[in-house]
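Here's the structure we're looking at; comments come further down.
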Amino acid sequence: MLKIGLIGKPNAGKSTLFSAITLSDVDIANYPFTTIKPNVGISYITDECPERYIGAKCNPREGKCINGIRYIPVEIIDVPGLIEGASEGKGMGNEFLDNIRDADIIINLYDVNGDEDSGDYKININMVRNEIMLWLKERIYRDWQKFARKEDADTSERLIEKILKKVASFGIKEKDLFYIMSKDSFPERLIDWKPEDVERFCNDILTYVKPIFNIGNKIDLLDSDSIEKIKKDLNNNFLISAEYEFILAKAFKNGYINNNSIDFNYTNKSGEEQKNALEKIRMFYKNNGIRTFTDIITDIIKGLGYIVVYPVADENKWTDKNGNILPDAYIVKDGTTALDLAFLVHTDIGKNFIRAINGKTKRVIGKDYKLLNNDVVRIVSNLR
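According to this note's numbering, the sequence shown is numbered sequentially starting from 208.
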């Protein structure tokens, strides 16, 4: 499952957002360090479900499918608030930052109302990224000279294989290093790496492997002119109201609306009081062009080249062994092969891979076939 680290300064609204997008009950309060250990929950991104191609309703094992839109689960890790000096251990910063080791994407949630002293929200954006950068650099460069002398003595391994020993604990894979090396150049001998080379390498990690995206929160506290100014200033629309999303989530949980997106419909349980409050929220989103976190994170993930594929046991009916239609949706990077998918389903299936079959074309595809978004694939193996 794709993992998203949710970080930011204290009081950025992370706990409120986490509760809204995961429908989980967590402590929410307007004081620093409401969260003192990471909260882990499940949220969703959306994509068009291939059920329409087969003319039958899908049966998701996880997530849901509403009107042909598949809600695909992603793991959210809500990291306690970071303060300046977190990379040096202030505010339990090192312990907090360790929680994002396995994150595929990092979301820096910041308060659009700005820094407490200057009112400049960019100070908060830059501070959090800087602390992550310093934390990553310190851990990778730690004992570097000793590590470099040992690895340089071994001429049988490639540079990438040597570096992998240093960074594998951060969830970084060999193919990630290949990609970084294709974008940048580094000394062939590790002993020749200077602190600035390691810093450049860490920046590449936070750009290409574990990218950081800034999402502004508490937009409900601003007027329309201020919202438009921020959009132009940042040249993006990554702005949300965790408070409003939390209200929508509670209304959905209590049965007043049929879903917790801005495209909700009222149920018979909703009265005039609920409708009046929810209509104000609906109009705020509409008038200011504000989107939900789910919409934004879906765009981010698709923009990074992730696709959604569906492994099945029957390429004709698109079912698993129990007859469930399109039960599983996997989020994978563009370029993932049929063999890669086999290993994701189960290591033994990957090891015993024979071939795969495209459920749409019914054609046999080999292990090197690069999957496309919405592909439905049966993996054939000699595993008994």
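For glycine and all other residues, C-beta sits at the position ideal for the given N, C-alpha and C.
As the structure is a computational prediction, the values presented were derived from the model and not from experiment.
Check: Smallest Cα separation from Ser231: which of Ala219, Asn475, Ile284 and Thr414?
Finding: Within the sequence shown, the letter at position 24 stands for residue 231. That would be Ile284, whose Cα lies nearest to the Cα of Ser231.
Checklist line | Residue range of the alpha helix (DSSP H) that includes Glu269 | finding: The residue given as residue 269 occupies position 62 in the sequence shown. Neither: Glu269 is in no alpha helix (DSSP H) and is coded neither H nor E.
Notebook entry, point to check: Do you know offhand how far Tyr238's Cα is from Pro217's?
Noted result: Residue numbering aside, residue 238 sits at position 31 when the sequence shown is read from its first letter. Residue numbering aside, residue 217 sits at position 10 when the sequence shown is read from its first letter. Confidence at Tyr238 is low in this model, with a pLDDT of 43, below 50, so the placement of that residue should be treated as unreliable; the coordinate-derived value is given next. Approximately 8 angstroms between the Cα atoms of the pair.
Checklist line | Alpha-carbon to alpha-carbon, Lys417 and Asp383 | finding: If you number the sequence shown from 1, residue 383 lands on position 176. If you number the sequence shown from 1, residue 417 lands on position 210. Approximately 10 angstroms between the Cα atoms of the pair.
Check: What's the gap between the Cα of Lys372 and the Cα of Thr414?
Finding: The residue you call residue 372 lines up with position 165 of the sequence shown. The residue you call residue 414 lines up with position 207 of the sequence shown. Distance between the alpha carbons of Lys372 and Thr414: 20 angstroms.
Notebook entry, point to check: Short check: CB of Asn559 to CB of Asn589, under 7 angstroms?
Noted result: If you number the sequence shown from 1, residue 559 lands on position 352. If you number the sequence shown from 1, residue 589 lands on position 382. Yes. Within cutoff.
Notebook entry, point to check: Which first and last residues belong to the beta strand (DSSP E) in which Ser433 is found?
Noted result: Here residue 433 corresponds to residue number 226 of the sequence shown, with the count starting at 1. That residue, Ser433, is in no beta strand (DSSP E); its alpha helix (DSSP H) goes Ser431 to Leu441.
Notebook entry, point to check: Leaving out five residues before and five after Phe491 in sequence, what residues of the same chain have Cβ atoms less than 8 angstroms from its Cβ?
Noted result: Translated into positions along the sequence shown, residue 491 becomes position 284. So the qualifying residues of the chain are Asp427, Ser448, Tyr451 and Ile497.
Notebook entry, point to check: Excluding sequence positions up to five away, which residues of its chain have a Cβ less than 6 angstroms from the Cβ of Leu579?
Noted result: For the purposes of this step, residue 579 is taken as residue 372 along the sequence shown, with counting starting at 1. Around Leu579: no qualifying Cβ.
Item checked: Span of the alpha helix (DSSP H), counted from its first residue to its last, around Val374 -> Within the sequence shown, numbered from 1, the residue matching residue 374 stands at position 167. Taken as a continuous stretch (DSSP letters only), the alpha helix (DSSP H) holding Val374 covers Leu366 to Val374.
Checklist line | Local Cβ density within 10 Å of Lys357, reported as buried at 16 or more and exposed below that | finding: Numbered from 1 along the sequence shown, position 150 holds the residue referred to as residue 357. By the neighbour-count rule (16 or more Cβ atoms within 10 Å), Lys357 is not buried but exposed.
Next item on the list: Use the C-beta contact count for Lys425: other C-beta atoms within 10 angstroms, 16 or more gives buried, fewer gives exposed.
Entry: Locating residue 425 in the sequence shown gives position 218, where the first residue counts as 1. It counts as buried.
Next item on the list: Select from Thr554, Arg570 and Ala545 the residue whose C-alpha is nearest the C-alpha of Lys577.
Entry: The residue you call residue 577 lines up with position 370 of the sequence shown. Checking every option, the nearest Cα to that of Lys577 belongs to Ala545.
Note to self: Here's the rule: buried if 16 or more other CB atoms are within 10 angstroms of the residue's CB, otherwise exposed. What is Leu213?
What the structure shows: Residue numbering aside, residue 213 sits at position 6 when the sequence shown is read from its first letter. Buried, by the Cβ-count rule.
Next item on the list: Compute the Euclidean distance between the alpha carbons of Asn592 and Gly423, then round it to the nearest angstrom.
Entry: It is not possible to answer for residue 592, since the shown part of the chain is limited to 208 through 591.
Margin query: Here's a check: name, in chain order, each residue in its chain whose Cβ is nearer than 7 angstroms to the Cβ of Asn444, leaving out the five neighbours to either side.
Written below: Here residue 444 refers to the residue found at position 237 of the sequence shown. Same-chain partners within the cutoff: Lys438, Gly496 and Arg498.
Notebook entry, point to check: Just how far apart, CA to CA, sit Leu289 and Val335?
Noted result: Stepping through the sequence shown from its first residue, residue 289 is reached at position 82. Stepping through the sequence shown from its first residue, residue 335 is reached at position 128. The straight-line gap from Cα to Cα measures roughly 7 angstroms.
Check: What residue range is occupied by the uninterrupted alpha helix (DSSP H) comprising Asn494?
Finding: As a position in the sequence shown, residue 494 is number 287, starting the count at 1. Unbroken alpha helix (DSSP H) run through Asn494: Glu479 to Asn495.
Note to self: On a Cα-Cα basis, can you pick out the residue from Phe453, Lys567 and Tyr517 that is closest to Gly220?
What the structure shows: Numbered from its first residue, the sequence shown carries residue 220 at position 13. Out of Phe453, Lys567 and Tyr517, Phe453 has the C-alpha closest to the C-alpha of Gly220.
Item checked: Beta-carbon proximity of Cys409 to Leu343, cut-off 7 angstroms -> If you number the sequence shown from 1, residue 409 lands on position 202. If you number the sequence shown from 1, residue 343 lands on position 136. Contact flag set, yes.
Notebook entry, point to check: Is the number of C-beta pairs between the region 255-274 and the region 533-543 that are closer than 8 angstroms three or more?
Noted result: yes
Item checked: Pro418 - partner residues in DSSP beta bridges -> Here residue 418 refers to the residue found at position 211 when the sequence shown is read from its first residue. The partner list for Pro418 (beta bridge, DSSP) is empty, contrary to what the question assumes.
Check: Secondary structure at Asp555, three-state DSSP: helix, strand or coil?
Finding: Along the sequence shown, one-based indexing puts residue 555 at 348. Of the three classes helix, strand and coil, the one that applies to Asp555 here is helix, per DSSP.
Check: Using a Cβ-Cβ cut-off of 8 angstroms (strictly less than) and excluding sequence neighbours within five positions of Ile572, which residues of its own chain qualify?
Finding: Translated into positions along the sequence shown, residue 572 becomes position 365. The answer, listed in chain order, is Ala545, Arg562, Ala563, Ile564, Asn565 and Val584.
Notebook entry, point to check: Does the Cβ of Tyr513 have 16 or more other Cβ atoms within 10 Å, making it buried, or fewer, making it exposed?
Noted result: In the sequence shown, residue 513 corresponds to position 306, counting from 1. Its Cβ being crowded by 16 or more others within 10 Å, Tyr513 is buried.
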